[in-house]
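Let me begin by presenting the structure, written as structure tokens, before commenting on it.
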Amino acid sequence: MGSQARVYHTNQIHYLRKDLTFANTGVQTVGVLPAGAIVVSAGVVVSTAWNSGTSDVLDIGTSGDGDGFATDLSLRTIGNIVWDELATSNDLYSASEVTITCEAASTGTTATAGVGHVYIGYIPAA
82 MGSQARVYHT NQIHYLRKDL TFANTGVQTV GVLPAGAIVV SAGVVVSTAW
132 NSGTSDVLDI GTSGDGDGFA TDLSLRTIGN IVWDELATSN DLYSASEVTI
182 TCEAASTGTT ATAGVGHVYI GYIPAA
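Counting from 82, one number per residue, gives the positions in the sequence shown under the numbering used here.
Next comes the structure, spelled out in structure tokens:
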């Protein structure tokens with residue numbers, strides 16, 4: 082089976098994107114980074130705030146470290162909510178392909194609204 086990772090033929094930052102709604106539960110696959118890629122950004126653009134009773138948060142990471150890029154980012158406010166694990170993440174580079182994941186979690190009453198767009202920016206190996 083061939084690679085699922087994307088590498089464009091020009092020098093540019095590449096992106097993975099996954100659209101989420103309040104109905105997405107469990108771990109979601111965002112995409113696959115190619116071997117040797119360097120992650121330079123990550124976050125979620127919340128276009129409709131989540132509205133569960135208590136808490137709505139998002140983790141972004143890899144299949145081996147589910148919160149390697151972001152831990153408990155709030156989904157309750159509209160805006161670009163950026164990663165919070167940059168300074169200490171050991172997931173910014175991998176010599177092999179790596180699957181990027183995200184997981185939204187809500188507590189309290191069931192959310193009835195919420196839309197977000199998870200993104201990962203990366204530079205592929207030369």
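Quick reminder that beta carbons are idealized off the backbone N, C-alpha and C, glycines included.
With distances taken Cα to Cα, identify the nearest neighbour of residue i among the options.
i      : options                        : result
Thr143 : Leu97, Ala206, Cys183, Leu167  : Cys183
Ser128 : His198, Thr169, Gly149, Ile204 : His198
Leu173 : Val120, Val113, Gly112, Ser84  : Val120
Among the residues of its own chain, which have a CB less than 7 Å from the CB of residue i, if the five just before and after it don't count?
i      : result
Ala186 : Val138
Within its chain, find whatever has a CB closer than 6 Å to the CB of residue i; leave out the 5 residues flanking it on each side and keep chain order.
i      : result
Gly117 : Ala206
Gly134 : Gly189, Thr190
Gly107 : none
Val179 : Leu114, Thr143
Just checking my contact of residue i with residue j at CB under 8 Å: how many whole Å lie between their CB atoms?
i      : j      : result
Ala130 : Thr158 : 6 Å
Ile94  : Ile201 : In fact, because the Cβ distance is near 10 Å, the residues do not count as touching under 8 Å.
Tell me the DSSP bridge mates of residue i?
i      : result
Ile201 : Leu97, Ala123
Asp146 : Thr143
Gln109 : Cys183
Thr188 : Ser136
Starting from residue i, trace the beta strand (DSSP E) in both directions and tell me its first and last residue.
i      : result
Leu139 : 136-143
Asn161 : 160-163
Glu166 : Note, Glu166: premise wrong, no beta strand (DSSP E); not H, not E.
Suppose the cutoff is 8 Å on Cβ atoms and the five residues either side in sequence are ignored; what does the same chain contact list for residue i look like?
i      : result
Ala132 : It should be pointed out that residue 132 corresponds to Asn in this sequence rather than to Ala. The residues are Phe103, Arg157, Ala192, Thr193, Ala194, Gly195.
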